[in-house]
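A.B. asks:
Protein chains in written order, with this note's numbering: chain W, 14 to 413; chain B, 90 to 163.
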């Protein structure tokens, strides 16, 4: 069985169960910025790994000197028009292009709007818990709950018609599971894009109250079909595996800390802090889009030259003593830390409020429904995800 | 010591975290999703909460500045 410490796996994505892999820590060796082998993609361009909390915030907070435009392996900005599959993908845009596109999207994710979505999410959660209770015990928590709940929430948010949801989510998961293999990924991406393009056309004709319908109605003449499609693909990339990874991994972690599990289950006032500590401690995304320095910049005492690439390790930054004391201790009663699980700066996760809301609803609801929830296999047999965009577990066999 | 809150709307990423934490001071525009300031100089009792919100701001868009004759940025 492959383990996430395989050397074939890029070093910054390596994990040891709930923790950043030991060799990642060794390699960083207390240095906040180190050179890494960027692999074949990087060519001869130096790649830096940033693991310090302050240094990660410095890089991600400095969009003037660190660009996200995709140019891995090239020292200069890509020439010509953006390739079709990257149009609308905000993470490939720098300000002011980024500012123009993102300003249409942020109003759809405000705290007030998310609060209006809350009853709908609660209903979805209840629906999935009912189904799980009817067909078990036992159950695979990933298949029964952790994966379908964010899937259904995303469909509801975007405005995917009910009858299309199973087909849409199949296309999403095929795309996400295609991994880094270029051809397979392109084929799966094409199938997903085709559905989304059809939905965009439909919502232009007949706008509903979902994300696409609202964008089409409010900004329809200022945003292109290709941009709308790309933005939806981004929501798929960001809103499924990250949330399901948090739900699966977080449940497994809590099962190993019964006192904290009980607190999250029984004390509503503990839930907000618990969710942020889970986000910090687990930090399922390995790294945001690699940055490219646009000029020479000193970071953590190292000189990063114009054209060189920078990968920021979010899980390492969130386990830095500069962020908080005893960073390797999991404690949901902490004051919420200013963690970087959602990134930092102008590219900070657009859906962070939605993700927090899903987690705040889904964790306590699960724990309250099944107070006797426990693993159905020895903990050592739980398969952790490898080669995935987000950390997590592939299956989580549970009983109650 | 008196102090004042500054918000950088160009930098704001629209997370709404500040509004969630200190609704008496921060708001979020329904038009562009970005931070709005109800008051730049809230009552002293809110100082700790505002400081925490500034520290947790995911884009560093909230800063606190002392006001008065010798004031500099904080």
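All C-beta atoms in this analysis are idealised placements derived from N, C-alpha and C, irrespective of residue type, glycine included.
How about residue 92 of chain B: is its C-beta nearer than 8 Å to some C-beta of chain W?
C.D. replies: By this cut-off, residue 92 of chain B is not an interface position.
A.B. asks: If you measure beta-carbon to beta-carbon, which residues of the stretch 93-109 of chain B are closer than 9 Å to chain W?
C.D. replies: Correct list: 99, 100, 101, 102, 103, 104, 105, 106, 108, 109.
A.B. asks: Just checking: is the beta-carbon of residue 359 of chain W within a distance shorter than 8 Å of some beta-carbon in chain B?
C.D. replies: Yes, residue 359 of chain W lies at the interface with chain B (some Cβ there is under 8 Å from its Cβ).
A.B. asks: Just checking: is the beta-carbon of residue 145 of chain B within a distance shorter than 8 Å of some beta-carbon in chain W?
C.D. replies: True, the Cβ-Cβ gap to chain W drops below 8 Å.
A.B. asks: Using the rule of at least 16 other Cβ atoms within 10 Å of the residue's Cβ for burial, across every protein chain shown, is residue 6 of chain W buried or exposed?
C.D. replies: Residue 6 of chain W falls outside the range modelled here, since chain W spans only 14 to 413, and no answer is possible.
A.B. asks: Which of helix, strand or coil does DSSP assign to residue 306 of chain W?
C.D. replies: The answer is strand: DSSP assigns residue 306 of chain W an E or B state.
A.B. asks: Determine the chain W residues that contact residue 155 of chain B at a beta-carbon separation under 9 Å, and present them in chain order.
C.D. replies: Result: empty, since nearest Cβ-Cβ is about 21 Å, beyond 9 Å.
A.B. asks: Judging by CA-CA distance, which residue of B:144, B:142, B:129 is the nearest neighbour of residue 91 of chain B?
C.D. replies: Among B:144, B:142, B:129, the Cα nearest to that of residue 91 of chain B is on B:129.
A.B. asks: Anything in chain B within Cβ reach of residue 125 of chain W, meaning under 9 Å, just list it in chain order.
C.D. replies: In chain order: 105, 108, 117, 119.
A.B. asks: Does the separation of the CB atoms of residue 340 of chain W and residue 332 of chain W fall below 8 Å?
C.D. replies: Going by C-beta atoms, residue 340 of chain W is nearer than 8 Å to residue 332 of chain W.
A.B. asks: Considering only C-alpha positions, which residue in the set W:195, W:60, W:325 is nearest to residue 75 of chain W?
C.D. replies: Minimum Cα distance to residue 75 of chain W is reached at W:325.
A.B. asks: Leaving out five residues on either side along the sequence, give the residues of the same chain with a beta carbon under 6 Å from the beta carbon of residue 334 of chain W.
C.D. replies: Closer than 6 Å at Cβ, skipping near neighbours: 340.
A.B. asks: Could you pull the start and end residues of the beta strand (DSSP E) that residue 132 of chain W belongs to?
C.D. replies: Note, residue 132 of chain W: premise wrong, no beta strand (DSSP E); alpha helix (DSSP H) at 124-148.
A.B. asks: Between the Cα of residue 292 of chain W and the Cα atoms of W:63, W:26, W:327, W:189, which residue gives the shortest distance?
C.D. replies: When only C-alpha atoms are compared, the closest one is W:327.
A.B. asks: On the three-pair Cβ rule with 8 Å, is the stretch 245-259 of chain W touching the stretch 273-286 of chain W?
C.D. replies: Touching, no.
A.B. asks: Give the interface partners of residue 351 of chain W over in chain B, defined as CB-CB distance under 7 Å, in chain order.
C.D. replies: Correct list: 144, 145.
A.B. asks: Beta-carbon of residue 296 of chain W versus every beta-carbon of chain B: anything under 8 Å?
C.D. replies: Judged by the 8 Å Cβ criterion, residue 296 of chain W is not in contact with chain B.
A.B. asks: So with CB distances below 9 Å, who are the chain B contacts of residue 477 of chain W?
C.D. replies: Lying before the first or after the last residue shown, residue 477 of chain W is absent from chain W, which here runs from 14 to 413.
A.B. asks: For residue 93 of chain B, which residues in the same chain have their Cβ closer than 7 Å to its Cβ, ignoring the five residues on either side in sequence?
C.D. replies: Once the five neighbours on either side are set aside, the close Cβ partners of residue 93 of chain B are 129, 130, 154, 156.
A.B. asks: Secondary structure at residue 388 of chain W, three-state DSSP: helix, strand or coil?
C.D. replies: Of the three classes helix, strand and coil, the one that applies to residue 388 of chain W here is strand, per DSSP.
A.B. asks: Is the Cβ-Cβ distance between residue 33 of chain W and residue 329 of chain W less than 8 Å?
C.D. replies: Closer than 8 Å, so yes.
A.B. asks: What does residue 63 of chain W pair with, by DSSP beta-bridge criteria?
C.D. replies: Residue 63 of chain W pairs with W:46, W:325.
A.B. asks: Going along the chain, which residues of its own chain have a beta-carbon closer than 8 Å to the beta-carbon of residue 217 of chain W, five neighbours each way excluded?
C.D. replies: Excluding positions up to five away in sequence, the list reads 229, 233, 238.
A.B. asks: Flag residue 264 of chain W as yes if its beta-carbon sits less than 8 Å from any beta-carbon of chain B, otherwise no.
C.D. replies: It does not; no Cβ of chain B falls within 8 Å.
A.B. asks: Taking Cβ-Cβ distances below 7 Å as the criterion, which residues of the stretch 101-118 of chain W are in contact with chain B?
C.D. replies: The residues in question are 116.
A.B. asks: Quick one: does residue 343 of chain W have its CB under 8 Å from some CB of chain B?
C.D. replies: With 8 Å as the cut-off, residue 343 of chain W does not count as an interface residue toward chain B.
A.B. asks: Considering just the uninterrupted stretch of the beta strand (DSSP E) at residue 315 of chain W, what are its terminal residues?
C.D. replies: Element bounds for residue 315 of chain W: 315-317.
A.B. asks: Could you have a look at residue 15 of chain W and say whether DSSP puts it in helix, strand or coil?
C.D. replies: Low per-residue confidence applies at residue 15 of chain W: pLDDT is 42, beneath 50, and the placement is therefore not dependable, though the value from the model is reported in the following sentence. Reduced to three states, the DSSP call for residue 15 of chain W is coil.
A.B. asks: Using the Cβ count rule (16 or more neighbours within 10 Å means buried), how would you classify residue 98 of chain B?
C.D. replies: Exposed, because fewer than 16 other Cβ atoms sit within 10 Å of the Cβ of residue 98 of chain B.
A.B. asks: Between which residues of its own chain and residue 413 of chain W is the CB-CB distance below 6 Å, once the five residues before and five after are set aside?
C.D. replies: Around residue 413 of chain W: 150, 383, 385, 386.
A.B. asks: Among W:359, W:374, W:40, which has the Cα closest to the Cα of residue 123 of chain B?
C.D. replies: Answer by Cα proximity: W:359.
A.B. asks: Terminal residues of the continuous beta strand (DSSP E) containing residue 152 of chain B?
C.D. replies: 151-156 is the span of the beta strand (DSSP E), which, as asked, contains residue 152 of chain B.
A.B. asks: If you check the beta carbons only, do residue 396 of chain W and residue 284 of chain W fall under 8 Å apart?
C.D. replies: No; because the gap between Cβ atoms is not below 8 Å, this pair is not in contact.
A.B. asks: Give me the subset of the stretch 361-380 of chain W whose CB atoms are less than 7 Å from a CB atom of chain B, sorted by chain position.
C.D. replies: Cβ contacts with chain B: 361, 365, 366.
A.B. asks: Starting from residue 116 of chain B and walking both ways along the beta strand (DSSP E), at which residues does that stretch end?
C.D. replies: Here the beta strand (DSSP E) through residue 116 of chain B covers 115-117.
A.B. asks: So is residue 45 of chain W in contact with chain B if we call contact Cβ pairs under 8 Å?
C.D. replies: It does not: the Cβ of residue 45 of chain W has no partner Cβ on chain B nearer than 8 Å.
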